[in-house]
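First the structure, in the form of structure tokens, and then the observations on it.
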Amino acid sequence: MCGACGRTSATDAWSGTFLTRRARWEAARIINDALSGAGHPARVTCSAAAWVVHSGTGRSVLVDTASGIWRVLRSLPGPRLDVAAALSGRPPTPVLAAVIASAETAT
0 MCGACGRTSA TDAWSGTFLT RRARWEAARI INDALSGAGH PARVTCSAAA WVVHSGTGRS
60 VLVDTASGIW RVLRSLPGPR LDVAAALSGR PPTPVLAAVI ASAETAT
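Just so we're aligned: 47 in numbering that gives the first Met the number 0 is position 48 of the sequence shown, and the numbers increase by one with no gaps anywhere.
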């Protein structure tokens, strides 16, 4: 993290889409819709320059990238997530496309 501005230095293929707090907030809302639709207890919130993944037990993990969100979510106990199916039928936006793509390619 940059000591001067507070920005994180980790990036992934979707970092450009999530540069603004508004985009990170929208991504968190979309991810939470997919999680609640699958009955998963985890939730995601956005911070000034990253996201926080909250497990169902209260554990919180700060992540810098969209790929990091999915890595953390997949490591938590809960139902398997089919993000594309959970989010089908929504109006397409660049943030929605980046959320789905990051979920499909995260390892």
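Beta carbons are placed, not taken as given, at the ideal position from N, Cα and C, and that holds for glycine.
Would you kindly work out how many angstroms separate the C-alpha atoms of residue i and residue j, rounded to a whole number?
i	j	result
glycine 15	alanine 105	17 Å
aspartate 11	alanine 33	21 Å
glycine 57	alanine 100	27 Å
leucine 61	tryptophan 50	6 Å
tryptophan 69	arginine 20	19 Å
asparagine 31	arginine 42	6 Å
leucine 18	histidine 39	27 Å
serine 59	alanine 26	17 Å
For residue i versus residue j, is the C-beta distance shorter than 8 Å?
i	j	result
leucine 72	valine 52	yes
valine 82	alanine 96	no
proline 78	alanine 37	yes
alanine 9	valine 94	no
alanine 45	tryptophan 13	Correcting the residue type first, residue 45 is cysteine in the shown sequence and not alanine. Not in contact: cysteine 45 and tryptophan 13 (Cβ atoms no closer than 8 Å).
I need the DSSP call for residue i, collapsed to helix, strand or coil.
i	result
arginine 42	strand
leucine 61	strand
tryptophan 24	helix
Nearest CA to the CA of residue i: which residue from the options?
i	options	result
proline 76	Ser59, Leu18, Gly55 and Val94	Gly55
proline 90	Trp13, Leu18, Thr19 and Ile29	Ile29
serine 35	Arg21, Pro93, Leu80 and Thr92	Leu80
Practice task
Decide if the region 52-65 is in contact with the region 83-91; the criterion is three or more beta carbon pairs, one per stretch, under 8 Å apart.
Solution key: no
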